[in-house]
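In my numbering, the protein residues as written are 30 to 234. Presented below is the structure to which this report refers.
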């Protein structure tokens with residue numbers, strides 16, 4: 030027995046060492062490693078939570094700023110015409126024409142898509158490039174003089190609904206020579222004119 034122990038002493042010591050090392054690793058190192066990994070995960074989760082909270086805090090001023098912009102422009106949303114207000118809008122323009130001493134007629138035009146299909150016109154090209162693509166397009170035919178035309182345009186540009194004047198065409202109306210004023214300036218202002226205004230009024234979607 031002693032001879033056996035003496036011959037295998039190193040092997041036995043090594044085996045016992047390996048067994049103890051294995052037990053140490055299994056019962057101490059592995060649980061400790063699990064705790065360390067768990068702690069690392071907790072720390073990582075806390076960091077993620079902090080980053081999310083930080084981002085939320087940073088977005089608050091942006092949200093407040095966007096809301097402020099909305100409130101500032103909320104009034105402007107009212108300049109878009111409701112689809113059901115077409116007749117009311119035309120009556121409003123008739124009232125403006127009467128206020129500015131103009132006779133007026135209206136012609137509702139095709140949409141920009143239909144117009145561009147049927148014929149390529151300068152106005153069709155302009156309409157296709159408008160920033161807001163939901164609108165009512167019409168021609169306004171006025172009969173009056175230079176001053177009444179200017180007054181009408183001014184009132185349309187400051188109308189409660191946003192109106193865009195795309196083009197204006199003017200023709201003089203022939204009048205009796207005896208009716209002309211001797212004052213050239215007054216003659217120009219009071220000269221009878223036929224005017225065609227191509228306009229669009231923007232409609233809510």
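Heads up, the beta-carbon is just placed ideally off N, CA and C, and yes, glycines get one too.
Query raised in the report: Measuring CB to CB, does residue 109 end up less than 8 Å from residue 194?
Result: In this structure, residue 194 does not lie closer than 8 Å to residue 109 by Cβ.
**Report entry** Rounded C-alpha distance that separates residue 176 from residue 130
**Finding:** Computed Cα separation, rounded: 9 Å.
Query raised in the report: From residue 230 to residue 189, what distance separates their C-alpha atoms?
Result: Distance from the CA of residue 230 to the CA of residue 189, rounded to the nearest whole angstrom, comes to 11 Å.
Query raised in the report: Which of the three DSSP states, helix, strand or coil, is assigned to residue 191?
Result: The answer is coil: DSSP assigns residue 191 none of H, G, I, E or B.
Report task. Compare the Cα-Cα distances from residue 197 to each of 223, 191, 187 and 184 and report the closest residue. Result -> Answer by Cα proximity: 223.
Query - Cut-off 6 Å between Cβ atoms - residues of its own chain near residue 112, not counting five sequence neighbours on either side - result: 232.
Query - Option nearest residue 181 by Cα separation, candidates 163, 123 and 200 - result: Here the closest residue by C-alpha is 123.
Requested in this report: Name the residue from 183, 64 and 228 whose alpha carbon lies nearest to the alpha carbon of residue 165.
Outcome: The shortest C-alpha separation from residue 165 is found at 228.
Query raised in the report: Taking all protein chains shown into account, do 16 or more other C-beta atoms lie within 10 angstroms of the C-beta of residue 50, making it buried, or fewer, making it exposed?
Result: By the neighbour-count rule (16 or more Cβ atoms within 10 Å), residue 50 is not buried but exposed.
**Report entry** Local conformation of residue 233 per DSSP, three classes
**Finding:** In the structure shown, residue 233 falls within a coil segment according to DSSP collapsed to helix, strand and coil.
Query raised in the report: Going along the chain, which residues of its own chain have a beta-carbon closer than 6 Å to the beta-carbon of residue 200, five neighbours each way excluded?
Result: Here the set comprises 223.
Requested in this report: May I have the straight-line CA-CA distance separating residue 185 from residue 192, to the nearest angstrom?
Outcome: Residue 185 and residue 192: Cα-Cα distance of roughly 7 Å.
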